[in-house]
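Residue 89 in my numbering sits at position 65 of the sequence shown, with consecutive numbering throughout.
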Amino acid sequence: MYTKRLLKPPFFEIGPKQYLYGDEVLELALIAEEASKKYDVQVIFTTPFPDIRRVAEATENLIVFAPSMDPIPVGRGLANILPESVRAAGADGVMLNHVEKQLSYLTLKNTMDRANELNMLSLICSDSTVEAKAAALLAPTVITAEPNDLIGTGKASDLSYIRTSVDAIRSVNPDIYVLIGAGISCGQDVYNVIKEGADASGSSSAVACAKDKRAIVDEMLQACREAWDERTAK
């Protein structure tokens, strides 16, 4: 039986998507691992399927997530993603319902059930406060509130959206962590969302496409830690 990894705020999600592959994914994972230790900020590393085992075996601090999976049992299902397979490869959790891999609500529920069976952490992506509240009924570990039209644009959500999203999710289930993403391109963006009440932030293209990946990861995790410490100071 697998043991569920402990996740605590502040944390940060990095997803190379398909911008990187092979050794490039591992290189970014090791950069994230170093910054995670430096700033005591956990990093969810949403890893391409072929690299899950490699990243999991090469790192200690990273919370390795699969980018999706299918709610199927062991047996038939050629070309589907078996939850047991990603868990055995070293995935601690799974991201679900990203705009690039959207699921029906029934499929989302069934996949959440499979994740829970395997003691996996779970992150559900939502596009609006309505979607976020519906996702909260499924009690995932994390809900990402990110307007789809901001993803990859370098333009972050405004402060009112951050506050509204955090309040909406916590009104349904105060135990769910809230991650504000989409358009996060610099440390200041990360600082703003954490200061406004989010438990976490994240970035994909701004990190994966950066010329100096170490510098941008360091900048974002430092901002995450500083904003959290300021917000929670007595």
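We treat Cβ as the ideally placed atom computed from N, Cα and C, and that holds for glycine.
> Are the beta-carbon atoms belonging to Val196 and Glu220 less than 9 Å from one another?
Replying inline: Taking the sequence shown and counting its residues from 1, one reaches residue 196 at position 172. Taking the sequence shown and counting its residues from 1, one reaches residue 220 at position 196. The answer is no: Cβ separation not under 9 Å.
>> Taking a contact to mean a Cβ-Cβ separation below 9 Å, would you say Leu245 touches Val67 in this structure?
In response: Here residue 245 refers to the residue found at position 221 when the sequence shown is read from its first residue. Here residue 67 refers to the residue found at position 43 when the sequence shown is read from its first residue. Yes, the Cβ-Cβ distance between Leu245 and Val67 is below 9 Å.
> Short check: CB of Thr165 to CB of Tyr201, under 9 Å?
Replying inline: Taking the first residue of the sequence shown as position 1, residue 165 is located at position 141. Taking the first residue of the sequence shown as position 1, residue 201 is located at position 177. Going by C-beta atoms, Thr165 is nearer than 9 Å to Tyr201.
>> Could you tell me the alpha carbon to alpha carbon distance between Val231 and Asp242, rounded to whole angstroms?
In response: Here residue 231 refers to the residue found at position 207 when the sequence shown is read from its first residue. Here residue 242 refers to the residue found at position 218 when the sequence shown is read from its first residue. Taking the straight line from one Cα to the other gives about 10 Å.
> According to DSSP, which residues form a beta bridge with Cys149?
Replying inline: For the purposes of this step, residue 149 is identified with residue 125 of the sequence shown, where counting begins at 1. BP columns for Cys149 point to Thr168.
> The alpha helix (DSSP H) spanning Gln212 covers which residue range?
Replying inline: Along the sequence shown, read from residue 1 onward, the residue named residue 212 stands at position 188. Where Gln212 is concerned, the enclosing alpha helix (DSSP H) stretches over 211 to 219.
> Just how far apart, CA to CA, sit Gly207 and Leu106?
Replying inline: In the sequence shown, residue 207 corresponds to position 183, counting from 1. In the sequence shown, residue 106 corresponds to position 82, counting from 1. The straight-line gap from Cα to Cα measures roughly 31 Å.
>> Can you tell me whether Met25 is buried or exposed? The criterion is at least 16 other CB atoms within 10 Å of its CB, across all chains shown.
In response: For the purposes of this step, residue 25 is taken as residue 1 along the sequence shown, with counting starting at 1. The residue in question, Met25, is exposed, as its Cβ has fewer than 16 Cβ neighbours within 10 Å.
> Just the Cα atoms here: how many angstroms apart are Leu52 and Ser92?
Replying inline: The residue given as residue 52 occupies position 28 in the sequence shown. The residue given as residue 92 occupies position 68 in the sequence shown. Rounded to the nearest angstrom, the two C-alpha atoms are 20 Å apart.
> From Ala249 to Tyr63, what does the alpha carbon distance come to, in whole angstroms?
Replying inline: Counting from 1 along the sequence shown, the entry for residue 249 is found at position 225. Counting from 1 along the sequence shown, the entry for residue 63 is found at position 39. Contrary to the premise, residue 249 reads as Arg rather than Ala in this sequence. Roughly 6 Å between the two C-alpha positions.
> Mind checking Tyr185: buried by the 16 CB within 10 Å criterion, or exposed?
Replying inline: The residue given as residue 185 occupies position 161 in the sequence shown. Label assigned to Tyr185: buried.
> Among residues of its own chain, excluding the 5 on either side of Thr153, which ones have a beta-carbon nearer than 7 Å to its beta-carbon?
Replying inline: Mapped onto the sequence shown, residue 153 falls at position 129. Cβ neighbours of Thr153 beyond the five flanking positions: Thr188, Ser189, Ala192.
>> Buried or exposed, going by whether 16 or more other CB atoms sit within 10 Å of the CB of Ala160?
In response: The count along the sequence shown starts at 1 and reaches residue 160 at position 136. Flag for Ala160 reads buried.
>> Residues in the same chain with beta-carbon distance under 7 Å from Ile55, minus the five sequence neighbours each way, listed in chain order, please.
In response: Taking the sequence shown and counting its residues from 1, one reaches residue 55 at position 31. Answer for Ile55: Lys237, Arg238, Val241, listed in chain order.
>> Less than 8 Å separating the Cβ of Glu51 from some heavy atom of the ligand HEM?
In response: What this structure holds is no ligand at all, so the ligand HEM is not there to describe.
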